[in-house]
Amino acid sequence: MPWDAGRIRAIRTRLLDFYDEGRRDLPWRESLDPYRIWVSEVMLQQTRVDTVVPYYRRWMERFPTVEVLAEASSEEVLRLWQGLGYYSRARNLHNAARVVVEAWDGVVPNTVEALRQLPGVGEYTAGAVASIAFGAPVPAVDGNVRRVLARLADDPDPTPARLRRWAGALVDPERPGDFNQGLMELGALVCTPRAPGCARCPLEAECRARREGTQELRPLPRRRGRVRRAVAVSLVLHRGTGAETEVLLERRPDDGLLGGMWSTPTRELSPEAGNGVREGAESDRTKVDEASPVLETLRGLLRTTMEDAGLPFHSMPGRKMGAAKGADSLPPVDHAFTHLRVRYLPFRIPLVREDGDPDGSPDPSPDTSFRWVPLVARGGVPLPVAQESILASLESEIGEGAEGGPVP
DNA sequence: TAAGCGTGGTT
DNA sequence: TAACCAAGCTT
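Add 593 to the 1-based position in the first sequence for the working numbering, that's all there is to it.
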């Protein structure tokens, strides 16, 4: 343990003073309601405070209690999370709310061990909720705390177990929630990853890295894996005209990338084909000649989509299986995930309903994951950012030539 | 233990 | 443009 009892007392006092004077006014600091603290901690996982604030306000307006959240549909829950990323957080929070209502009679459990059992609640979140909402003298080690402690102890790469031990010894038993938030606040505002403000740090006198001049080298950056690159074809089937336009969307499986979110049917190119496309791609539209792997992928995607959604090919008069060649490309959309960079190549195909043909473009049967959704309102379904972008370009394309022409 | 999982801001 | 980062969790 790098600090004796006297040092620990000094750290507690100075940190709590710092927090009392400099704490930011944030919406989740307006009450100690465990549910509200819990939601904020989940939203803040790997996400900036400024980004979270508006989401948090909307969430609390719609889901003010754990009971209200538990009764909501997963569709609406994801819709309110749309744009925040890491969507498993929303699914886990929703499921955890149901657990709290059913197994805990609607009362959020007050121990680290019990909180830890809830889906989406790990060691950090359990400690944060237990200390902030319930006053439990337990540590809460996030990225900020890791950085602050690594510098205080001048340890290049402290293990999680060591960090928990240190934080547990330091936490103020009288005000554990404020102490833990103070540690995080210090990391966020003063003890920053680059150019830390040591001159205004309340713990400067206790900081070994500062004394050694190594503060900017602590802690060691986490090495990250390679970012995979991919090219994918997206099929934008639409029917109707103008404000009545609808697009065919598919709900993605609950596990994996963008789980539970809705999307135009999309298929990745093989890695080799994807590389070829990226090398040749310059224009803002995708050219598809007969031998193009893009066209092959689009053909396969079109066929399986029509089959799976139960749409008859005669809803594309004169085109049938040749419909893919008649597809119009929309502008490519480049999107970067944490571990994946995708170039989406969207193609649109209008499905027409001939007079007297009631099966022109029927609704998919309810047991499929497909649905026709109004383009303008997006049907209220949750969409990933890249899909919003694809649908926006369809809107602007359809808007031209419709009433009034393009918007100035 | 390491990889998978989003997005937007900053450098 | 690319790399890096931000109140982590799950498998």
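Where a beta carbon is used, it is the ideal one built from N, C-alpha and C, also for glycine.
Contact between Cys784 and Val741 holds, since their C-beta atoms are separated by about 5 Å, short of 8 Å. Distance from the CA of Pro702 to the CA of Leu708, rounded to the nearest whole angstrom, comes to 6 Å. Secondary structure remark: continuous alpha helix (DSSP H) runs of at least 4 residues inside the stretch 767 to 846, in chain order: 769 to 782 and 801 to 805. Annotation: Ala762 to Ala683 spans about 33 Å, alpha carbon to alpha carbon. The C-beta distance from Pro751 to Pro812 rounds to 7 Å, short enough to meet the 8 Å contact threshold. Gln808 and Arg816 have their C-alpha atoms roughly 19 Å apart. With contact defined as three or more Cβ pairs closer than 8 Å, the stretch 763 to 782 and the stretch 600 to 612 are in contact. In this chain, the alpha helix (DSSP H) harbouring Leu745 covers Gly736 to Leu745. Separation of Met653 and Arg768 (C-alpha to C-alpha, rounded to the nearest whole angstrom) is 26 Å.
With contacts defined by Cβ atoms closer than 8 Å, Val734 and Arg757 form a contacting pair.
In the three-state scheme derived from DSSP, where H, G and I count as helix and E and B as strand, His928 is classed as strand. By the neighbour-count criterion, in which 16 or more other beta carbons inside 10 Å mark a residue as buried, Gln639 falls on the exposed side. Counting only residues of its own chain and dropping the five nearest sequence neighbours on each side, Pro959 has no CB closer than 7 Å to any other CB. In this structure, Asp626 is the residue among Arg655, Asp626 and Gly893 with its C-alpha nearest to the C-alpha of Phe727.
Three or more beta-carbon pairs separated by less than 8 Å are not found between the stretch 711 to 718 and the stretch 656 to 673, which leaves the two stretches without contact. DSSP places Leu938 in the uninterrupted beta strand (DSSP E) bounded by Leu933 to Pro943. In the structure shown, Phe656 falls within a coil segment according to DSSP collapsed to helix, strand and coil. According to the DSSP assignment, Phe611 belongs to the alpha helix (DSSP H) that extends over Ala598 to Gly615. Sorting Ile991, Asn868, His907 and Leu862 by C-alpha distance to the C-alpha of Leu888 places Leu862 at the top. The Cβ neighbour count for Glu843, taken over all protein chains shown within 10 Å, is at least 16; the residue is labelled buried. Contact check for Thr857 against Val829 passes: the beta carbons are separated by less than 8 Å.
Nearest to Pro789 by C-alpha distance, out of Val826, Ala798 and Arg744, is Arg744. Cβ neighbours of Met854 within its own chain (closer than 7 Å, five residues either side excluded): Leu671, Tyr680, Arg845, Pro975, Leu976 and Pro977. Assignment of Arg896 by DSSP, reduced to helix, strand and coil, places it in the helix class.
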